[in-house]
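Protein chains in written order, with the UniProt record's numbering: chain C, 1 to 399; chain L, 1 to 399; chain B, 1 to 399.
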Amino acid sequence: MSKIRIEEMIKELSRLASDKMYNDDFFLTWDKSDDEIKSTFLVADILRNLREENISTRLFDSGLGISLFRDNSTRTRFSYASACNLLGLEVQDLDEGKSQVAHGETVRETANMISFMADVIGIRDDMYIGKGHTYMQEVSDSVKQGHLDGVLEQRPTLVNLQCDIDHPTQSMSDALHLINEFGGIENLKGKKVAMTWAYSPSYGKPLSVPQGIVGLLTRLGMEVHLAHPEGYEIMPEVEEVARVNAERSGGKFVKSNSMAEAFKDADIVYPKSWAPFAAMEKRTNLYGEGDHDGIKALEQELLAQNAKYKDWECTEELMATTKEGKALYMHCLPADISGVSCKEGEVAASVFDRYRDPLYKEASYKPYIIAAMILLSKCQNPADTLQKMLEKGKRRFDD
Amino acid sequence: MSKIRIEEMIKELSRLASDKMYNDDFFLTWDKSDDEIKSTFLVADILRNLREENISTRLFDSGLGISLFRDNSTRTRFSYASACNLLGLEVQDLDEGKSQVAHGETVRETANMISFMADVIGIRDDMYIGKGHTYMQEVSDSVKQGHLDGVLEQRPTLVNLQCDIDHPTQSMSDALHLINEFGGIENLKGKKVAMTWAYSPSYGKPLSVPQGIVGLLTRLGMEVHLAHPEGYEIMPEVEEVARVNAERSGGKFVKSNSMAEAFKDADIVYPKSWAPFAAMEKRTNLYGEGDHDGIKALEQELLAQNAKYKDWECTEELMATTKEGKALYMHCLPADISGVSCKEGEVAASVFDRYRDPLYKEASYKPYIIAAMILLSKCQNPADTLQKMLEKGKRRFDD
Amino acid sequence: MSKIRIEEMIKELSRLASDKMYNDDFFLTWDKSDDEIKSTFLVADILRNLREENISTRLFDSGLGISLFRDNSTRTRFSYASACNLLGLEVQDLDEGKSQVAHGETVRETANMISFMADVIGIRDDMYIGKGHTYMQEVSDSVKQGHLDGVLEQRPTLVNLQCDIDHPTQSMSDALHLINEFGGIENLKGKKVAMTWAYSPSYGKPLSVPQGIVGLLTRLGMEVHLAHPEGYEIMPEVEEVARVNAERSGGKFVKSNSMAEAFKDADIVYPKSWAPFAAMEKRTNLYGEGDHDGIKALEQELLAQNAKYKDWECTEELMATTKEGKALYMHCLPADISGVSCKEGEVAASVFDRYRDPLYKEASYKPYIIAAMILLSKCQNPADTLQKMLEKGKRRFDD
Numbered sequence: 001m002s003k004i005r006i007e008e009m010i011k012e013l014s015r016l017a018s019d020k021m022y023n024d025d026f027f028l029t030w031d032k033s034d035d036e037i038k039s040t041f042l043v044a045d046i047l048r049n050l051r052e053e054n055i056s057t058r059l060f061d062s063g064l065g066i067s068l069f070r071d072n073s074t075r076t077r078f079s080y081a082s083a084c085n086l087l088g089l090e091v092q093d094l095d096e097g098k099s100q101v102a103h104g105e106t107v108r109e110t111a112n113m114i115s116f117m118a119d120v121i122g123i124r125d126d127m128y129i130g131k132g133h134t135y136m137q138e139v140s141d142s143v144k145q146g147h148l149d150g151v152l153e154q155r156p157t158l159v160n161l162q163c164d165i166d167h168p169t170q171s172m173s174d175a176l177h178l179i180n181e182f183g184g185i186e187n188l189k190g191k192k193v194a195m196t197w198a199y200s201p202s203y204g205k206p207l208s209v210p211q212g213i214v215g216l217l218t219r220l221g222m223e224v225h226l227a228h229p230e231g232y233e234i235m236p237e238v239e240e241v242a243r244v245n246a247e248r249s250g251g252k253f254v255k256s257n258s259m260a261e262a263f264k265d266a267d268i269v270y271p272k273s274w275a276p277f278a279a280m281e282k283r284t285n286l287y288g289e290g291d292h293d294g295i296k297a298l299e300q301e302l303l304a305q306n307a308k309y310k311d312w313e314c315t316e317e318l319m320a321t322t323k324e325g326k327a328l329y330m331h332c333l334p335a336d337i338s339g340v341s342c343k344e345g346e347v348a349a350s351v352f353d354r355y356r357d358p359l360y361k362e363a364s365y366k367p368y369i370i371a372a373m374i375l376l377s378k379c380q381n382p383a384d385t386l387q388k389m390l391e392k393g394k395r396r397f398d399d
Numbered sequence: 001m002s003k004i005r006i007e008e009m010i011k012e013l014s015r016l017a018s019d020k021m022y023n024d025d026f027f028l029t030w031d032k033s034d035d036e037i038k039s040t041f042l043v044a045d046i047l048r049n050l051r052e053e054n055i056s057t058r059l060f061d062s063g064l065g066i067s068l069f070r071d072n073s074t075r076t077r078f079s080y081a082s083a084c085n086l087l088g089l090e091v092q093d094l095d096e097g098k099s100q101v102a103h104g105e106t107v108r109e110t111a112n113m114i115s116f117m118a119d120v121i122g123i124r125d126d127m128y129i130g131k132g133h134t135y136m137q138e139v140s141d142s143v144k145q146g147h148l149d150g151v152l153e154q155r156p157t158l159v160n161l162q163c164d165i166d167h168p169t170q171s172m173s174d175a176l177h178l179i180n181e182f183g184g185i186e187n188l189k190g191k192k193v194a195m196t197w198a199y200s201p202s203y204g205k206p207l208s209v210p211q212g213i214v215g216l217l218t219r220l221g222m223e224v225h226l227a228h229p230e231g232y233e234i235m236p237e238v239e240e241v242a243r244v245n246a247e248r249s250g251g252k253f254v255k256s257n258s259m260a261e262a263f264k265d266a267d268i269v270y271p272k273s274w275a276p277f278a279a280m281e282k283r284t285n286l287y288g289e290g291d292h293d294g295i296k297a298l299e300q301e302l303l304a305q306n307a308k309y310k311d312w313e314c315t316e317e318l319m320a321t322t323k324e325g326k327a328l329y330m331h332c333l334p335a336d337i338s339g340v341s342c343k344e345g346e347v348a349a350s351v352f353d354r355y356r357d358p359l360y361k362e363a364s365y366k367p368y369i370i371a372a373m374i375l376l377s378k379c380q381n382p383a384d385t386l387q388k389m390l391e392k393g394k395r396r397f398d399d
Numbered sequence: 001m002s003k004i005r006i007e008e009m010i011k012e013l014s015r016l017a018s019d020k021m022y023n024d025d026f027f028l029t030w031d032k033s034d035d036e037i038k039s040t041f042l043v044a045d046i047l048r049n050l051r052e053e054n055i056s057t058r059l060f061d062s063g064l065g066i067s068l069f070r071d072n073s074t075r076t077r078f079s080y081a082s083a084c085n086l087l088g089l090e091v092q093d094l095d096e097g098k099s100q101v102a103h104g105e106t107v108r109e110t111a112n113m114i115s116f117m118a119d120v121i122g123i124r125d126d127m128y129i130g131k132g133h134t135y136m137q138e139v140s141d142s143v144k145q146g147h148l149d150g151v152l153e154q155r156p157t158l159v160n161l162q163c164d165i166d167h168p169t170q171s172m173s174d175a176l177h178l179i180n181e182f183g184g185i186e187n188l189k190g191k192k193v194a195m196t197w198a199y200s201p202s203y204g205k206p207l208s209v210p211q212g213i214v215g216l217l218t219r220l221g222m223e224v225h226l227a228h229p230e231g232y233e234i235m236p237e238v239e240e241v242a243r244v245n246a247e248r249s250g251g252k253f254v255k256s257n258s259m260a261e262a263f264k265d266a267d268i269v270y271p272k273s274w275a276p277f278a279a280m281e282k283r284t285n286l287y288g289e290g291d292h293d294g295i296k297a298l299e300q301e302l303l304a305q306n307a308k309y310k311d312w313e314c315t316e317e318l319m320a321t322t323k324e325g326k327a328l329y330m331h332c333l334p335a336d337i338s339g340v341s342c343k344e345g346e347v348a349a350s351v352f353d354r355y356r357d358p359l360y361k362e363a364s365y366k367p368y369i370i371a372a373m374i375l376l377s378k379c380q381n382p383a384d385t386l387q388k389m390l391e392k393g394k395r396r397f398d399d
């Protein structure tokens, strides 16, 4: 892409109001204005194009990007590390095993102790309903206060790397993928997307992906169908968010218990397993009570419940019912592929294989989305900052 | 702070004799001259002010800072990572689990194998009396020899991140906190500090903090009261160090078995739990013999012994007896807070809460103290180096 | 070393044909032409000399060097970290424990998911015959395809940090050590090297070191004697490689079951324990079948078999039979030293002690060899790149 095109994108950015993102966190996409969401997409694309032009996007000569993963992660971990490195920050992981967090430190204290030279903190805490988002807010309040009290020279801003409510770095990457696949955010208006539950032999997958998707895509004027078996409801607050968004954007938010209905004439399908909200709430309480037998029993119960819906699979037959049989298949990966990673799963092998390339491209936006969230929280005039990078033209790889 | 003030501090630094720190390790504060201690405080303050002025303090374009933690750590780990990053070094952690250290490598060999591109090595080894400091010396001797033999291009200098004898990065941070709280090192003369034992339900906390404090503050002309129940003696060699220091500096070193006596009219109080030296020595031997039943028995014995001294708590009543009831409360954190992190502990919740800000500020000096120790061991003319950084004025964050 | 000497080496490099290394992996030394092997030695020496002249060799302003260790490692892990840091890459370790690799991700998918900003991937996978090299090829093919498909902006090149067949970063470091000890690659012609098995109480050491040595040194015109007890054969394909190499280079490849024969008049000796190829193959199959009792039984069997050859030790007596009793003793470290790291082992303590310095120097080449492999895979005109670094003369440590 030519530098002229990059300059055009920077000009476009300068016309959007993203100033409230400065010195602020990124928790939930529905905390952000449409301009702020668009700014994030634009900055991500600009950073990607600068890197493709071999132009350095280092903002920091030194500084730490703290990471705290309370659940396993490959792609999000590497995406966060890539984003920090792209901007010049060094990742320092808070491993709660190695650290003394378990030894009676309050969140407030730990948050400050690790942040003396931290410019950003990325947290993944998606396991327990009602916990992850609350924990991130606690950390944010702690370092905000620490900065006000003169303990921290800078205020580290937070990036939500997946909580119990939303997975903004995922949903934003997914949306940016759609924007580029459909040739612009305008072209998403009226497109039908099926965010459906799908069968998986595994248990207790977070709800934050489907919730993030219906919470974000409804504001792009899309027709979002959420389909799942009875009992697999997502958080009611998030459904309300989707409803309101759809109304405002001229889109739609439809619910059903039929995968077929959702897939019918869909432009995009996102079949994915998740655990029922009510069950996750129950599990959270059982953990709270330390009732391990109760947890085991619940797991068996849920696996049995899942097994009743093995027909919720993304098959060739279902794909054939989508718009011209050519709906774009999406997934946050890793997917449970029937006959490959499990006997019966979320998607037929032939469907998955056909969409491997777009799936990988979908994932490739995450490092840039995270970097954009960081940049917008650090730079008061992001357009000027990016224009300066472009003009300076320092080479990333200087052979 | 204005750049003029920074230049004054640099001038002040240039008048101190710190040349022996060049290419040397930092093991114990009492290995260092008064000028060297003052230089470390000054460099730490200068680095902090440069960073606050958004001026890059990168000394290294590439290079590794090795870390080896033989005990859990959050704040020291992050402080070391922050210090290395601030100077341009990348931290590489020697995880003895992952590595082959356990597989029959001698310390000498490992030390050299990890140091080919290491500029500094930070070690925490505080668990066993008579072991930590010795181990650090072994590592230092190994890499010194490796450098002389032409195996290592540079000599990595060591920073003691806590050993069995001293915790210099802690005591120096604590002292710098005092210097800034009391408006200058001169104002510490004659001030009374109570370094007292306090009850904790936990067991076997290192002695290096109280030892570091009495070993350092006695040379600043302070009146240092060390108070603990009978049987909680610290290492006699360190008491001797404190005695000699106090004499030389015109300070005082007083011992007692009364927390009340120590707190009476104190300007500063530092109530903290530690294990009895004799018991730690015994434990070290039991570990040597692999006598795990013996260790368990000893732990029970010590917990029972601790329990006899639950009245050694920093209460509001005790605080009221300090100078104008306003003594500065200090702790290396995390503290055992009564009714918060434990039923009965080192300090009353209301006291701890009142001092949270100063406690966090106290901790905030550690990254700069560590960076100062590294800089002084690497730069032959630290004042010139810092002046050059100031004049160059490269931005740390360049938006 | 003067900059004039560095310029000469760069000129020498410019006369060698290394263009096929550009954008390619480094799996096996026998995949590479003589010019390519020589280029790697030269670039390693040039990088070392630039660093000794305090000249920065940063190629990258940002970028990741991925590491994946499927076996414990200290020196290779630190060598890789040092090499990446020297060139400006930040290491990001793929810890298969923390990651979701175990959760049904295909190699292809994971390889792409971690590589969006990866410039190089280093892998150690040496445990199972027929697995390591194959796995590395899978990873390489995956990211090559990902790059072609537009998923990855750059193609991350692979560096083999030890597989089941070869250990090129080790054998190349060993060879560079020899080149510098004997004053030039030409002086190695006709020199006799004894690559012999040696007794170790431990079990199942990889074959990749002896295989790498016979596969590489035979092409330098050396007389390579491979000696081991019956039943400790290495992979036949690698023996064939050695035979062909020796013929082409005017060297020799001799096999025997006598340590004495191999040591007789040797210029260089490399006594080291390894497991029999056949047994490793058997173990791989047992692991495949999950037959843990079978594995235990095999281990006992092999330890018993080893014990029959305790006389395969590098003693003073044997050393006395080498060329003028002064053969250069080599080892990849850590060695099993009789009476030090074990009761009876590979080498007598007095022999090992006498050669400690050269052994450490031998190890010191590895970071530069790895950096050279990376640089040659990234720079189309390595000589120009290095000349530019020399002329620019940016300081690595800028005090």
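Note that beta-carbon positions come from the ideal geometry of N, C-alpha and C, so glycine has one too.
query	result
When B:E8, B:D31, B:L188 are compared against G212 of chain B, the one with the closest alpha-carbon	B:D31
Local conformation of T169 of chain C per DSSP, three classes	helix
Selection from C:G250, C:L13, C:K20, C:T57 that minimises the alpha carbon distance to E391 of chain C	C:T57
Chain L within 7 Å of F78 of chain B, Cβ atoms only	yes
Terminal residues of the beta strand (DSSP E) in which R51 of chain C lies	Looking at the DSSP string, R51 of chain C is not in any beta strand (DSSP E); the run it does join, the alpha helix (DSSP H), is 34–52.
D93 of chain B - partner residues in DSSP beta bridges	B:S67
Within chain C, partners of I374 of chain B - CB distance below 7 Å	The premise fails here: I374 of chain B is roughly 12 Å from chain C at the closest Cβ pair, so nothing lies under 7 Å.
D336 of chain C burial status per 10 Å Cβ neighbour count (16 or more: buried)	buried
Rounded Cβ spacing between A371 of chain C and A83 of chain C (contact assumed at less than 8 Å)	4 Å
Candidates C:F263, C:I374, C:W197, C:F253, of which the one nearest F27 of chain C by Cα	C:I374
Residues near I179 of chain C in its chain [Cβ-Cβ closer than 6 Å; skip 5 each side]	I185
Whole-angstrom distance between L216 of chain L and V224 of chain L, CA atom to CA atom	10 Å
Proximity test, Cβ basis, 7 Å: N85 of chain C and chain B	yes
Within-7 Å CB hit, C379 of chain L to chain B	yes
Supposed contact pair V269 of chain B and Y365 of chain B - C-beta distance, whole angstroms, cut 8 Å	Contact flag wrong, Cβ pair sits at about 19 Å.
Chain L contact for S142 of chain C (CB, 7 Å cutoff)	no
Cβ separation of G88 of chain C and S62 of chain B, assumed to be a contact under 8 Å, to the nearest whole Å	7 Å
Residues bridged to G223 of chain L [DSSP beta-bridge criterion]	Note that residue 223 of chain L is Glu in the sequence shown here, rather than Gly. Partner(s): L:K192, L:K252.
Any chain B beta carbon closer than 7 Å to I55 of chain L	no
C-alpha distance - Q154 of chain L paired with K144 of chain L, whole-angstrom precision	9 Å
Min CB distance T385 of chain B to chain C below 7 Å	yes
Length at least 4, wholly inside the stretch 234–292 of chain C: the alpha helix (DSSP H) runs in chain order	236–249, 259–263, 277–289
Within chain B, partners of V107 of chain L - CB distance below 9 Å	Near V107 of chain L there are no residues of chain B at all, since even the closest Cβ is about 12 Å away, more than 9 Å.
Rounded straight-line distance, which links the Cα of L47 of chain C to that of Y368 of chain C	7 Å
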